[in-house]
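Here is the structure we will look at, set down as C-alpha cells.
Number of protein chains: 2
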Amino acid sequence: MLGKLSAERHAMPASPADSRRTTELKPVPNTDAARRSAGRPAAPVLGQAGITAAALRLIGKNGYAGLTMAALARSLNVAPSALYNHVESKRDVLLLVEDHLAALVDVTAFAAEPWESAVRKWAWSYRDVFAEHTPLIPVIAVLPVTDAPQTLAMYETVSAGFRGAGFPEERIVSAIVALESFIFGSAYDVTAPADIFDSGSMAESTPSFTGAVRSLAAQGHEKPADVAFSMGLEALIAGFGTLRA
Amino acid sequence: MLGKLSAERHAMPASPADSRRTTELKPVPNTDAARRSAGRPAAPVLGQAGITAAALRLIGKNGYAGLTMAALARSLNVAPSALYNHVESKRDVLLLVEDHLAALVDVTAFAAEPWESAVRKWAWSYRDVFAEHTPLIPVIAVLPVTDAPQTLAMYETVSAGFRGAGFPEERIVSAIVALESFIFGSAYDVTAPADIFDSGSMAESTPSFTGAVRSLAAQGHEKPADVAFSMGLEALIAGFGTLRA
DNA sequence: ACCACTAAATGAATGCCATTCATTTATTAG
DNA sequence: CTAATAAATGAATGGCATTCATTTAGTGGT
C-alpha cells in the first residue's frame, strides 16, 4: 500500500548519473494525523530524520563511495530492506541530505546588508557547502523544489532580497539560476587535483595555454579555484547590478 | 604487464559519482613502434577508436543508463572482458567519449572574430555539446588535461584567443575556468524538467519566489535555461572584457 | 480483554553491474 | 618452426539497489 509511486521503476537500472524523473519524497507516515488514526509502533528510531543524520555521518567518514543502503542500514542496526519503509529509493536519501545542506547555506546577509555583499556572502557559502558534496550536484540541478522545503526556503529569502534591491521581477529567477549554475560548476573546481592543468608531454604543442598556466602558478598563493570563483562572481554581481531599478 | 596503474583499484567500489584519481589512459599498444617490435594479431577491429564510436552509438540510442560494459561489448560482438585489453576501466571509456566531444566544440571564431563574439560562440557551443552529456561533467571537471588531447587542444585555441585579445597572462586560466564552471552548471539546467520551480503546496509561504517564477513564465517564449545562460554569459563577457589591455 | 489495523522490521532472493583471471586463439618476426 | 605477444574467451567474484512474503509489536475501539 505504501509506495504507489514506485511503479515503472526498474525499466532501467538508473545509474546514479542519469538522475532524472519527477520525484516526490515518500510521504512520512509519522505525522500527528496518522498518529491519531492508526496504531503506532515502537518508537521513531529510524524515520527520515534519523536516516538523514546517519547518512551525513557516513558521508563524513567515508565519502559518498561509502554511502550504500547496506552501510546505512548497518549504521542504524537495521536490515537494508527496513530503510524502504521510510524512503522510496537511494535517490530519496540523497534528496534528504541535499535539503539538509541547503539549510546550512548562509542567507542572513539578505536581511541586513546591501545587495552586492549579500549576494557575495550567499554565493561563497553556497559554493563551500556543496564543494564537499559534489556528488549531489547532478541530483540538485534537476530537482523539483517541491521535494525540498529547505531549498525552497533558501530561494524565497534570496528572491526576496533581489526584489527588495530593485530587481525587475521577471529577471529574478534567471539571475538566480545563472548564479547557481556558476556556483555548482565552481564547486567541482574546488575538488579538482592541483595538477589538473599539467599539459605533460604536450607542453610544446600548446605554448599559449602552458604559458598561461605557468604564469598563474608563478603569481599565486591563493588557491586557483578561489581566484577563478572570485573573478566570475564579481563579474556576475557587477553585470546583474546594472539591472536594478 | 599492461595496466601497472591498476593496483589499489578496488579498495572502494568507486561509484560513478566520486570520480577522483590521477588517471592515465591505458597506453594503446597498436602504435607503429609496438607494431615493429612485436607480433601483431588479427586486425584492430576493436581498439580505443572503435570503442569510442560504439559507446557514442550506444549513448545516442539509450542514454548513459544504457552504457554498460556488457552492452558495449555486445554491440561490438565481443565478450565484456575483451574490452579490458584496450581500456583499463569504464572511466576510461567515459574519458574517451569526453575527449571526442571536446573536438566538437566550436572554437573557430577565435581565429576570425573579435574576442567578445568568439567567446560567445565558444560558450554556447560548449554548453550545447555537454548538455546532451551531463553525466560526463563530474568526470571532466576533475580530469587532468594530460589524458585528453582534444580537450587540451581546445584550451590552447581559447587561451591563444584571450592572449591575442590583450588579456593579462596571469588571468587567462582563471577566466577560462570561471567561464567553464558557468558552462557546466548551465548544461545541467538545459536538462531540468520544465516544472522544476513549481513550489506546489508551499506556494503561499513563498510569495516572493512564487511571484518571480510566475512572472518569468508570463514573459516568455524563450527557453528559461537559454535566458539564464545568456544573462550570465553576457555579464561574464562584459566583466572580463574590462581586464584587457 | 480481545480484535482489527497498521507501521516497521526481517531475511531471502533477484538481477544488474564492473572487474579479474587462467586459459585459448591467432598472428607475426626471426 | 618457434618464441613472443596482443586479443578474446568464459567462468567466477563481490558489490549493489531493490522486491516481497512474512513476522513483530504496538494502537484504538469494542
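Residue numbers (the numbering used here), protein chains in the order written: chain A, 1110 to 1354; chain B, 1110 to 1354.
Note that CB positions come from ideal geometry on N, CA and C, so glycine has one too.
Computed from a predicted structure; not experimentally measured.
Using a Cβ-Cβ cut-off of 7 Å (strictly less than) and excluding sequence neighbours within five positions of residue i, which residues of its own chain qualify?
i: Ala-1250 (chain B); result: Phe-1293
i: Val-1216 (chain A); result: Trp-1231, Met-1263, Thr-1266 and Val-1267
i: Val-1238 (chain A); result: Leu-1210, Leu-1213 and Val-1214
Give every residue of the same chain whose Cβ lies closer than 8 Å to the Cβ of residue i, excluding the five residues on either side of it in the sequence, and list them in chain order.
i: Phe-1271 (chain B); result: Trp-1224, Ile-1281, Ala-1284 and Ile-1285
i: Val-1206 (chain B); result: Thr-1161, Ala-1164, Leu-1165, Ile-1168, His-1242 and Leu-1245
i: Thr-1300 (chain B); result: Ala-1240 and Thr-1243
i: Leu-1155 (chain B); result: Leu-1185, Val-1187, Ala-1191, Leu-1192, Asn-1194 and His-1195
i: Glu-1289 (chain B); result: Tyr-1235
i: Ile-1346 (chain B); result: Glu-1225, Val-1228 and Arg-1229
i: Ala-1269 (chain A); result: Phe-1219
i: Glu-1222 (chain A); result: Lys-1230
i: Ala-1151 (chain A); result: Confidence at Ala-1151 (chain A) is low in this model, with a pLDDT of 38, below 50, so the placement of that residue should be treated as unreliable; the coordinate-derived value is given next. Around Ala-1151 (chain A): no qualifying Cβ.
Do you know offhand how far residue i's Cα is from residue j's?
i: Gln-1157 (chain B); j: Val-1248 (chain B); result: 18 Å
i: Lys-1092 (chain B); j: Leu-1176 (chain B); result: In this structure chain B extends from 1110 to 1354, so residue 1092 (chain B) is not present and cannot be described.
i: Arg-1183 (chain B); j: Tyr-1173 (chain B); result: 16 Å
i: Asp-1201 (chain B); j: Ala-1179 (chain B); result: 15 Å
i: Pro-1189 (chain A); j: Ala-1296 (chain B); result: 35 Å
i: Gly-1348 (chain A); j: Gly-1159 (chain A); result: 43 Å
i: Pro-1333 (chain B); j: Leu-1204 (chain A); result: 24 Å
i: His-1330 (chain B); j: Ala-1344 (chain B); result: 22 Å
i: Asp-1335 (chain B); j: Ser-1324 (chain B); result: 16 Å
i: Leu-1273 (chain A); j: Thr-1351 (chain B); result: Before going on, a small fix: residue 1273 (chain A) reads as Gly here, not Leu. Rounded to the nearest angstrom, the two C-alpha atoms are 29 Å apart.
i: Met-1311 (chain B); j: Pro-1253 (chain A); result: 13 Å
i: Asp-1256 (chain B); j: Ala-1303 (chain B); result: 36 Å
i: Gly-1341 (chain B); j: Phe-1338 (chain A); result: 14 Å
i: Lys-1170 (chain A); j: Leu-1181 (chain A); result: 12 Å
i: Ala-1287 (chain B); j: Phe-1291 (chain A); result: 8 Å
i: Ala-1326 (chain B); j: Pro-1258 (chain A); result: 22 Å
i: Val-1313 (chain B); j: Pro-1277 (chain A); result: It is Glu, not Val, that sits at residue 1313 (chain B) in the sequence shown. Those two C-alpha atoms are separated by around 21 Å.
i: Gln-1328 (chain A); j: Gln-1328 (chain B); result: 46 Å
Looking only at its own chain, which residues have a Cβ that is under 6 Å from the Cβ of residue i, when we skip the five neighbours before and after it?
i: Ser-1308 (chain A); result: Thr-1315 and Thr-1319
i: Arg-1149 (chain A); result: In this prediction, Arg-1149 (chain A) has a pLDDT of 39, which is less than 50 and means its spatial position is unreliable; what the coordinates show is noted afterwards. Within the same chain, Arg-1149 (chain A) has no close Cβ partners at all.
i: Val-1356 (chain A); result: With chain A covering 1110 to 1354 only, the question about residue 1356 (chain A) has no answer from this structure.
i: Ala-1354 (chain B); result: Gly-1275
i: Asp-1298 (chain B); result: Ala-1334
i: Trp-1233 (chain B); result: none
Query raised in the report: Do the segment 1308-1323 of chain A and the segment 1272-1285 of chain B touch if we need at least three Cβ pairs shorter than 8 Å?
Result: yes
Query - Inside the segment 1230-1265 of chain A only - alpha helix (DSSP H) runs reaching at least 4 residues - result: 1246-1250
**Report entry** Chain-ordered residues of the segment 1179-1202 of chain B with a beta carbon less than 9 Å from chain A
**Finding:** none
Report task. Specify whether the segment 1254-1263 of chain A and the segment 1193-1212 of chain A touch according to this definition: at least 3 beta carbon pairs, one from each stretch, less than 8 Å apart. Result -> yes
Query - Contact list for the segment 1240-1259 of chain A against chain B, Cβ threshold 8 Å - result: Thr-1243, Pro-1244, Ile-1246, Pro-1247, Ala-1250, Val-1251, Leu-1252, Pro-1253, Val-1254, Thr-1255 and Pro-1258
Query raised in the report: What are the complete alpha helix (DSSP H) segments, minimum 4 residues, inside the segment 1157-1233 of chain B?
Result: 1178-1184, 1199-1211 and 1218-1221
Query raised in the report: the segment 1292-1318 of chain A: which residues have C-beta closer than 9 Å to a C-beta of chain B, in chain order?
Result: Ile-1292, Phe-1293, Gly-1294, Ser-1295, Ala-1296, Tyr-1297, Asp-1298, Thr-1300, Ala-1301, Pro-1302, Asp-1304, Ile-1305, Phe-1306, Asp-1307, Ser-1308, Gly-1309, Ser-1310, Met-1311, Ser-1314, Thr-1315, Pro-1316, Ser-1317 and Phe-1318
**Report entry** alpha helix (DSSP H) runs contained entirely in the segment 1254-1323 of chain A, provided each spans 4 or more residues
**Finding:** 1258-1273 and 1278-1300
Query - Interface residues of the segment 1258-1272 of chain A facing chain B [CB-CB below 9 Å] - result: Pro-1258, Leu-1261, Ala-1262, Tyr-1264, Glu-1265, Thr-1266, Val-1267, Ser-1268, Ala-1269, Gly-1270, Phe-1271 and Arg-1272
Report task. Residues of the segment 1319-1331 of chain A with a CB closer than 7 Å to any CB of chain B: list them in chain order, please. Result -> Gly-1320, Ala-1321, Val-1322, Ser-1324, Leu-1325 and Gln-1328
Requested in this report: Please name the residues in the segment 1210-1232 of chain A whose beta-carbon is closer than 8 Å to at least one beta-carbon of chain B, in chain order.
Outcome: none
Report task. Could you list the residues in the segment 1335-1346 of chain B with a C-beta less than 9 Å from some C-beta on chain A, going in chain order? Result -> Val-1336, Ala-1337, Phe-1338, Ser-1339, Met-1340, Gly-1341, Leu-1342, Glu-1343, Ala-1344, Leu-1345 and Ile-1346
Query raised in the report: Looking at chain B, which residues of the segment 1158-1177 of chain A have a Cβ within less than 9 Å of any of its Cβ atoms?
Result: Asn-1171, Gly-1172, Tyr-1173, Ala-1174, Gly-1175, Leu-1176 and Thr-1177
Requested in this report: Please name the residues in the segment 1277-1291 of chain B whose beta-carbon is closer than 9 Å to at least one beta-carbon of chain A, in chain order.
Outcome: Pro-1277, Glu-1278, Glu-1279, Arg-1280, Ile-1281, Val-1282, Ser-1283, Ala-1284, Ile-1285, Val-1286, Ala-1287, Leu-1288, Glu-1289, Ser-1290 and Phe-1291
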